[in-house]
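A.B. asks:
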Amino acid sequence: MKKLCLLMLLMPALAMAQSIPTNQNLFDTIPFIPDHTVERLKVFATQPVKQGGTIFLGDSITEMGDWGKATGDSTVLNRGIGGDITYGVLKRLDDVINRQPKKLFILLGINDIGKDIPDAVIAYNYFRIISRVHAKSSGTQIYVQSILPVDPTHARFPQHYDKGRHVAQVNNLLKAKARELNFTYVNIAQLFTDKRGLLKPEYTIEGLHLNAKAYMVWAAYLKKLKYL
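Under UniProt numbering, think of the first position of the sequence shown as 1, with each following residue one higher.
(1) Classify Arg-40 as helix, strand or coil using the three-state DSSP reduction.
(2) Is it buried or exposed for Leu-199, if we count other Cβ within 10 angstroms and need 16 for buried?
(3) Can you tell me where the alpha helix (DSSP H) with Tyr-126 in it begins and where it stops?
(4) I'd like the span of the beta strand (DSSP E) that includes Leu-104, first residue to last.
(5) My guess is that Leu-108 and Thr-86 are in contact by the Cβ rule of under 8 Å, so how many angstroms apart are they, rounded?
(6) By alpha-carbon positions, which one of Arg-92, Leu-208, Lys-223 ends up nearest to Ile-147?
(7) Would you kindly check if the distance between the Cβ of Asp-84 and the Cβ of Thr-37 is under 8 Å?
(8) Does the beta-carbon of Ala-214 have 16 or more other beta-carbons within 10 angstroms, so that it is buried, or is it exposed?
(9) Would you kindly work out how many angstroms separate the C-alpha atoms of Asp-73 and Leu-225, rounded to a whole number?
(10) When the Cα of residue 243 is compared with those of Tyr-126, Asn-98, Pro-101, which residue comes out closest?
(11) Could you check the C-alpha separation between Leu-77 and Asp-116 for me, to the nearest Å?
(12) Determine, using beta carbons only, whether Asn-171 and Ala-189 come nearer to each other than 8 Å.
(13) Which one or two residues does DSSP pair with Thr-184 in a beta bridge?
(14) CA-CA distance, Ile-205 and Asn-211?
(15) Under DSSP, the alpha helix (DSSP H) around Leu-93 begins and ends at which residues?
(16) Classify Pro-149 as buried or exposed, calling it buried when 16 or more other Cβ atoms lie within 10 Å of its own Cβ.
(17) Could you tell me which residues DSSP pairs with Phe-56 in its beta bridges?
(18) Just reading off the alpha helix (DSSP H) that Gln-190 is part of, what are its end residues?
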C-alpha cells in the first residue's frame, strides 16, 4: 500500500520529467556556473587522461572530499566543483567521458534546489548525464548518490534551507529510475540524517558541507556495499 501511494505521488513529477526533452535547453543558456568553475577546469586540464579509474563527480560536497585518503586509492579523481549544478556538469561531462572510468560516483542537486530549479528538471538533467555516459562510456558503472539533507539551524546558506521536501522528491525521482536507466542508487543520506530529518551536527561544518569525519564514513559505506 505504501509503495502504491508513493508511486501515485511520483507520477506527476515523473510525467513532467519525461515531457522535458522537447524543451531540454530550457535553462542551458542561463549562466548558473560560478567563476570557480574556470579555475577547477584548468586544474582538470593539467591531469593526464588515464582510462579505467574511479571518478567522484559533483559540487562542493564532492570537491571538499579527500577521496584518495578516504578510499585508500590515490588514483581516484575528484571532479567536484563548488557551486556547480546539473547544467554545469552537463557542460563539462566530456572530461569524465574521455577518461572512460570504470566507476563513476555522482552527487548533485542541492545547488539546483537552492536556485529553485524544479525537482523534475533536476532529475531529468541527471538522466541526461547518465544517458550520455552510458552512450559514450558503456563500460562505466554509474552510482547515483542521494542528495544530502541540510541543517537550517545554521545561517550561512539560507538559499538551501527549508527545502527538505525538494531533497526528498528529487531523491525519490532518481531512485525510481535506477533499474530502467541502469544505474545504482546509493542512499548515503541515511548515514548523515538525524531524527529531525536534518544533517547530523557531528558531520557538518556549517549545516551544508561535510567535515573530514563524514567523508571517511561515506567511503566506508561504499566499501561495505562493495562499490569501491
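Cβ atoms here follow ideal geometry from the backbone N, Cα and C, with glycine treated the same way.
C.D. replies: Concretely, from the data shown:
(1) Taking the sequence shown and counting its residues from 1, the one referred to as residue 40 is at position 40. Arg-40: helix per DSSP, three-state reduction.
(2) Reading the sequence shown from its first residue, position 199 is the one you call residue 199. So Leu-199 ends up on the buried side.
(3) Position 126 of the sequence shown, counting from 1, holds the residue named residue 126. First-last of the alpha helix (DSSP H) with Tyr-126: 119-136.
(4) Counting from one through the sequence shown, the residue named residue 104 turns up at place 104. Residues 103-107.
(5) Translated into positions along the sequence shown, residue 108 becomes position 108. Translated into positions along the sequence shown, residue 86 becomes position 86. Indeed, because the Cβ distance is near 5 Å, the residues count as touching under 8 Å.
(6) If you number the sequence shown from 1, residue 147 lands on position 147. Nearest of Arg-92, Leu-208, Lys-223 to Ile-147, Cα basis: Leu-208.
(7) Against the sequence shown, residue 37 aligns to sequence position 37. Against the sequence shown, residue 84 aligns to sequence position 84. For Thr-37 and Asp-84, yes; Cβs fall inside 8 Å.
(8) As a first step, residue 214 is located in the sequence shown; it is residue number 214 there, counting from the start. Ala-214 is buried by the Cβ-count criterion.
(9) Numbered from its first residue, the sequence shown carries residue 73 at position 73. Numbered from its first residue, the sequence shown carries residue 225 at position 225. Going from the Cα of Asp-73 to the Cα of Leu-225 covers about 17 Å.
(10) Because the chain in this structure spans residues 1 to 228, residue 243 falls outside the shown range and cannot be described.
(11) Within the sequence shown, the letter at position 77 stands for residue 77. Within the sequence shown, the letter at position 116 stands for residue 116. The straight-line gap from Cα to Cα measures roughly 30 Å.
(12) The residue labelled residue 171 in the question sits at position 171 within the sequence shown. The residue labelled residue 189 in the question sits at position 189 within the sequence shown. Yes, they are a contact pair.
(13) For the purposes of this step, residue 184 is taken as residue 184 along the sequence shown, with counting starting at 1. Looking at the DSSP assignment, Thr-184 forms a beta bridge with Tyr-143.
(14) What you label residue 205 is simply residue 205 of the sequence shown in a count that begins at 1. What you label residue 211 is simply residue 211 of the sequence shown in a count that begins at 1. Ile-205 and Asn-211: Cα-Cα distance of roughly 6 Å.
(15) The residue labelled residue 93 in the question sits at position 93 within the sequence shown. That run of the alpha helix (DSSP H) goes 93-97.
(16) Position 149 of the sequence shown, counted from the start, is the residue given in the question as residue 149. Flag for Pro-149 reads buried.
(17) In the sequence shown, the residue the question calls residue 56 occupies position 56. The partner list for Phe-56 (beta bridge, DSSP) reads Asn-78, Phe-105.
(18) Here the question's residue 190 lines up with position 190 in the sequence shown. 189-192 is the span of the alpha helix (DSSP H), which, as asked, contains Gln-190.
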